[in-house]
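Single-structure report; data block below.
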Amino acid sequence: MDRREVRYTDVFDETIAMLGNGGLLLASTKRSGESNLMTIGWGTIGIIWSKPEMVVLVRPSRYTYEFIEDSGEFTVNVPTPDMAKFVLFCGTNSGRDVDKLATFDIATTPGQKVSSITIDACPIVYECRVSHKNDVIPEELLGDIVSSYYSEGDFHRVYFGEIVGTYAR
């Protein structure tokens, strides 16, 4: 792998740009070794508890949810624009039904500081350990958020992942 460790702030602009333009790939690996990934379009990076943290939201109905719950780890992989078809596929298909990696013949490598996989084709990867999690509280949301994003319920779990390693090409 030709990525090198960088400060998480060095690749912030590229990460946020892709988050808002097609999404990022969130991956997690269970303790059993099975992995799954999904596309995310919501998240943020910042300092919480004096540590760099990646905040991601995952609905309990998503297959990846059980992977993060099992392992307490995840990676956020920043794809290139030419990976758009794969990113869309990962966001519209469940790992319960299809092996996303095999379908597109995507190579992975275990993280350097976490057990979760990283996507080899992604130039930027954040490795994270869950430092806190909490569920979105429906009655605390503005009404337009509930009607726009939660009309069928399935409120997200918010994961705060300490960024333990950031790698870029």
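Residue numbers (this note's numbering): 1246 to 1414. Yeah, the Cβ is synthetic: ideal placement off N, Cα and C, and Gly gets one too.
The three-state reading of DSSP puts A1329 in helix, counting H, G and I together. D1380 is bridged by DSSP to R1402.
Using a C-beta cut-off of 8 Å, the segment 1266–1276 makes contact with the segment 1317–1324, since at least three inter-stretch Cβ pairs fall below that distance. Straight across, the Cα-Cα distance linking G1406 with M1263 is about 19 Å. Rounded to the nearest angstrom, the gap between the Cα atoms of I1292 and Y1395 is 28 Å. Within the same chain, P1383 come within 7 Å of V1391 by CB-CB distance, once the 5 residues on both sides are set aside. Look at C1367 here: in three-state DSSP terms it is coil, with no helix or strand label. Going by DSSP, G1388 is part of the alpha helix (DSSP H) stretching over G1388 to Y1394. Scanning its chain for C-beta atoms nearer than 8 Å, with the 5 sequence neighbours on each side dropped, one finds around F1257 the residues I1290, in chain order. Membership of K1345 in the alpha helix (DSSP H) is indicated by the continuous run K1345 to F1349. Runs of alpha helix (DSSP H) with 4 or more residues, each lying fully within the segment 1273–1327, are found at 1308–1316, listed in chain order. One Cα belongs to D1380, the other to E1397, and the distance between them is close to 16 Å.
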